[in-house]
Each structure stands twice: as C-alpha cells, then as structure tokens.
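> Numbering (this note's numbering), first residue to last: 1 to 113. Even for Gly, the Cβ is constructed at its ideal location relative to N, Cα and C.
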C-alpha cells in the first residue's frame, strides 16, 4: 500500500502492567529503544523504536506506542490501533500528515474495502 504505518498502539489495563512493560522494554536494548515518554492528556505515553520492526505482509511498523491507562477510560490489554500517515496531495513527504478533504475521501474509500 502507499500509506506508511507510523506506529502500533498497545494498551495496558493497569498502571502496574504499564510500569512492568515499560521496564521490560527499557531493558531490551537490543530489540528497542525509548524514543520518548511524556505526559499527554493526564497520563504517560511511551514510544519505542523497534530495532527490527513488526512485519505484517507488505507493511513494516518500527514504532510502538504504549499509553498508560487513563482514569475513567478502561481498556483491556492488547492491540488498540495502527496509525497510518496519509500525505497531502501537494506534499509527497509521507511523514507530514494533513487532514483535509482528500484524506477524508481516501480514508473513506479505504474503510469501505
């Protein structure tokens, strides 16, 4: 596909699970490296770069995002989403997302598939 898979998001159900997972990933220095952990929307979100990435058919994702659970928004542990970058029609740099009518049309067509 023409769309770059920016990252995959893995949810954790408890703060203890989040803390343990972040510690495990931080110690797996041959497999990944912490890009950033910051507080966004009242909870921490850690982002790791993966050395080998995750290959699924013809796509490769090399970043995993792990948000800490947010009070009042329960999630089960597991895959939450994969985020794709859709470049604007005038900007062919796939790392620059723009949400415009073209993207809405393309995404709508993609979802219908």
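Around the Cβ of residue 46, are there at least 16 other Cβ atoms within 10 angstroms (buried) or fewer (exposed)?
Under this definition residue 46 is a buried residue.
> Classify residue 56: buried if its beta carbon has 16 or more other beta carbons within 10 angstroms, exposed otherwise.
Answer is exposed; the Cβ neighbour count stays below 16.
> How long is the line joining the alpha carbons of residue 65 and residue 7, rounded to whole angstroms?
So the alpha carbons of these two residues sit roughly 7 Å apart.
> Which residue's Cα is closest to the Cα of residue 9: 85, 86, 80, 84?
Out of 85, 86, 80, 84, 80 has the C-alpha closest to the C-alpha of residue 9.
> Residue 28 lies in the beta strand (DSSP E); which residues open and close that run?
It is not in any beta strand (DSSP E) - residue 28 carries neither H nor E in the DSSP assignment.
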